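Going by the numbering used here, the sequence shown opens with residue 10, and the numbers climb by one from there.
Heads up, the beta-carbon is just placed ideally off N, CA and C, and yes, glycines get one too.
Computed from a predicted structure; not experimentally measured.
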Amino acid sequence: NSVFIDCTADENVAAMYGEILSKYVSIVTANKIACSSDYTYYQKLKSIAGEKGVKLMYETTVGAGLPIIKTISDLVLSGDKILKIEAVLSGTMNFIFNEIGPEMPLSNAIRKAREIGYSEPDPRVDLSGTDVVRKILILAREAGYPIEKDEVTVNRFLPDKCFEGDLNDFYKKVKEYDTEFEQKRKELVKQNKKWRFFATLDQGKARVELLTIGPDHPSFNLEGSNNIILFTTNRYHELPMVIKGYGAGAEVTAAGIFADLMRVVNI
């Protein structure tokens, strides 16, 4: 069993998947680009893998080592229907909003996330919602919804000017909002609320946005860079199914890739 493992975030590598699969080589990937690109390309890859009797495994594209995609697949295969997904899918964003405090302004929290390897090399990929859009696209498609990127509504919490120019320009611009975010954070503390960067899929409509939630929400005590995913289905209707745990980090991502590799070679 030949297996190609992609641990990059490279578009050129993702563009090679069709050729690789057609040569009877399975793919294990943490690269989100292929499965979140045009829906026709996503379908084409699935089709080629089926025709050639090989596997396209991408569990670690969402939630690192958490069994999110496998869970959706199992639910769908067993005849259930995914009605709604509510998820904190960015370990980076959860880390940043958990870190913000009197001694840790927004700009410093963003730098820290990059320094310890949680964020993308360019943290604007996380802050703009681009990374989470890719993840909710992958989950939506796995659940049977043929959604395209431009159909996902993204409500940015930083103005567009912060995403213009180079990375140094970004850090200068985002620093201007440190005081504003600290004031908002203090108000949330008084109200016993917290920020959470949510991706939601509801009846085939997807959106990404920063929300404030109270202590009655399952994500309220979500620590560090952890992720949480709530599935509302025909079976899990009154009480959603919940998956929660580490959503970022080299060790858990590597474990997820290795698990996918073992599934391929044991088939």
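- [ ] Use the C-beta contact count for residue 269: other C-beta atoms within 10 angstroms, 16 or more gives buried, fewer gives exposed.
- [x] The residue given as residue 269 occupies position 260 in the sequence shown. That one is buried.
Task: N-terminal and C-terminal residue of the alpha helix (DSSP H) that residue 218 is part of - done: For the purposes of this step, residue 218 is taken as the residue at position 209 of the sequence shown. Run containing residue 218: none in the alpha helix (DSSP H); it sits in the beta strand (DSSP E), 214 to 222.
Open item on the list: Output needed for residue 67: all residues of its chain with C-beta closer than 6 angstroms, excluding positions within five of it in sequence on either side, in chain order.
Closed with: Along the sequence shown, read from residue 1 onward, the residue named residue 67 stands at position 58. Here the set comprises 38, 44.
Open item on the list: When you compare the CB positions of residue 132 and residue 118, do they come within less than 8 angstroms of one another, or not?
Closed with: Residue numbering aside, residue 132 sits at position 123 when the sequence shown is read from its first letter. Residue numbering aside, residue 118 sits at position 109 when the sequence shown is read from its first letter. Not in contact: residue 132 and residue 118 (Cβ atoms no closer than 8 angstroms).
- [ ] Compute the beta-carbon to beta-carbon distance between residue 266 and residue 80, rounded to the nearest angstrom, for a pair I have assumed lies under 8 angstroms.
- [x] Taking the first residue of the sequence shown as position 1, residue 266 is located at position 257. Taking the first residue of the sequence shown as position 1, residue 80 is located at position 71. Incorrect: roughly 18 angstroms between the Cβ atoms, too far for contact.
Task: Reduced DSSP secondary structure (H/G/I, E/B, other) of residue 254 - done: Counting from one through the sequence shown, the residue named residue 254 turns up at place 245. Secondary structure at residue 254: strand, using DSSP grouped into helix, strand and coil.
Open item on the list: Within 10 Å of its beta-carbon, does residue 198 have 16 or more other beta-carbons around it, so buried, or fewer, so exposed?
Closed with: Walking along the sequence shown from the start, residue 198 turns up at place 189. Exposed, because fewer than 16 other Cβ atoms sit within 10 Å of the Cβ of residue 198.
Open item on the list: Can you tell me which residues form a DSSP beta bridge with residue 236?
Closed with: Mapped onto the sequence shown, residue 236 falls at position 227. For residue 236, DSSP records a beta bridge to 254.
Open item on the list: Spatial neighbours of residue 30 within its chain, please: C-beta separation below 8 angstroms, excluding the five flanking residues on both sides.
Closed with: Here residue 30 refers to the residue found at position 21 when the sequence shown is read from its first residue. Cβ within range, chain order: 36, 54, 57, 58, 61, 63, 65.
Open item on the list: Need the endpoints of the beta strand (DSSP E) that residue 14 sits in, please.
Closed with: If you number the sequence shown from 1, residue 14 lands on position 5. First-last of the beta strand (DSSP E) with residue 14: 12 to 15.
Open item on the list: Rounded to whole angstroms, what is the Cα-Cα separation between residue 183 and residue 156?
Closed with: By 1-based counting over the sequence shown, the position of residue 183 is 174. By 1-based counting over the sequence shown, the position of residue 156 is 147. Taking the straight line from one Cα to the other gives about 32 angstroms.
- [ ] Reducing DSSP to helix, strand and coil, say where residue 117 ends up.
- [x] Within the sequence shown, residue 117 is the residue found at index 108, counting from 1. Of the three classes helix, strand and coil, the one that applies to residue 117 here is helix, per DSSP.
TODO: Please report the residue range of the beta strand (DSSP E) in which residue 211 lies.
DONE: The sequence position of residue 211 within the sequence shown is 202, counting from 1. Looking at the DSSP string, the run of the beta strand (DSSP E) that includes residue 211 is 203 to 211.
- [ ] Measuring alpha carbon to alpha carbon, tell me which of 245, 237, 247 ends up nearest residue 77.
- [x] By 1-based counting over the sequence shown, the position of residue 77 is 68. If we check each option's Cα against that of residue 77, 237 comes out closest.
- [ ] Taking residue 110 as the reference, give the member of 168, 92, 190, 160 with the closest Cα.
- [x] For this step, residue 110 is matched to residue 101 along the sequence shown. Checked all of 168, 92, 190, 160; the closest Cα to residue 110 is 190.
TODO: Using a threshold of 8 angstroms, state whether the C-beta atoms of residue 208 and residue 96 are closer than that.
DONE: As a working mapping, residue 208 is identified with position 199 in the sequence shown. As a working mapping, residue 96 is identified with position 87 in the sequence shown. Cβ distance < 8 angstroms, so residue 208 and residue 96 count as in contact.
Open item on the list: Under DSSP, the alpha helix (DSSP H) around residue 162 begins and ends at which residues?
Closed with: Start at 1 with the first residue of the sequence shown, and residue 162 comes out as number 153. Not the alpha helix (DSSP H): residue 162 falls in the beta strand (DSSP E), residues 162 to 164.
Task: Euclidean distance between Cα positions of residue 85 and residue 134 - done: Reading the sequence shown from its first residue, position 76 is the one you call residue 85. Reading the sequence shown from its first residue, position 125 is the one you call residue 134. Approximately 31 angstroms, taken between the alpha carbons.
TODO: Would you decide whether residue 196 is buried or exposed? Buried here means 16 or more other CB atoms lie within 10 Å of its CB.
DONE: Here residue 196 refers to the residue found at position 187 of the sequence shown. Exposed.
TODO: Could you tell me the boundaries of the beta strand (DSSP E) in which residue 57 lies?
DONE: Here residue 57 refers to the residue found at position 48 when the sequence shown is read from its first residue. Segment 48 to 61 is the alpha helix (DSSP H) holding residue 57; no beta strand (DSSP E) there.
Open item on the list: Going by beta-carbon coordinates alone, are residue 98 and residue 42 separated by less than 8 angstroms?
Closed with: Position 89 of the sequence shown, counting from 1, holds the residue named residue 98. Position 33 of the sequence shown, counting from 1, holds the residue named residue 42. Not a contact, by the Cβ cut-off of 8 angstroms.
Task: Residues bridged to residue 93 (per DSSP) - done: Start at 1 with the first residue of the sequence shown, and residue 93 comes out as number 84. Answer is 211, 241.
Task: Per-residue DSSP class, three states only, for residue 66 - done: Position 57 of the sequence shown, counted from the start, is the residue given in the question as residue 66. Note: residue 66 maps to strand in three-state DSSP.
Task: Range covered by the beta strand (DSSP E) that runs through residue 34 - done: As a working note, residue 34 is residue 25 in the sequence shown. Counting along the chain, residue 34 falls outside any beta strand (DSSP E), and DSSP gives it neither H nor E.
TODO: Given a cut-off of 8 angstroms, decide if residue 128 and residue 162 are closer than it, judged by their beta-carbon atoms.
DONE: Here residue 162 corresponds to residue number 153 of the sequence shown, with the count starting at 1. Here residue 128 corresponds to residue number 119 of the sequence shown, with the count starting at 1. No, the pair does not count as a contact, with Cβ atoms beyond the cut-off.
- [ ] Just mark residue 140 as buried or exposed, buried being the case when its beta carbon has 16 or more other beta carbons within 10 Å.
- [x] Against the sequence shown, residue 140 aligns to sequence position 131. That one is buried.
Task: Proximity of residue 74 and residue 273 at Cβ, strictly below 8 angstroms - done: Within the sequence shown, residue 74 is the residue found at index 65, counting from 1. Within the sequence shown, residue 273 is the residue found at index 264, counting from 1. No, the Cβ-Cβ distance between residue 74 and residue 273 is not below 8 angstroms.
Open item on the list: Could you give the first and the last residue of the continuous alpha helix (DSSP H) run that contains residue 265?
Closed with: As a first step, residue 265 must be located in the sequence shown, where it is residue number 256. Its alpha helix (DSSP H) spans residues 259 to 274.
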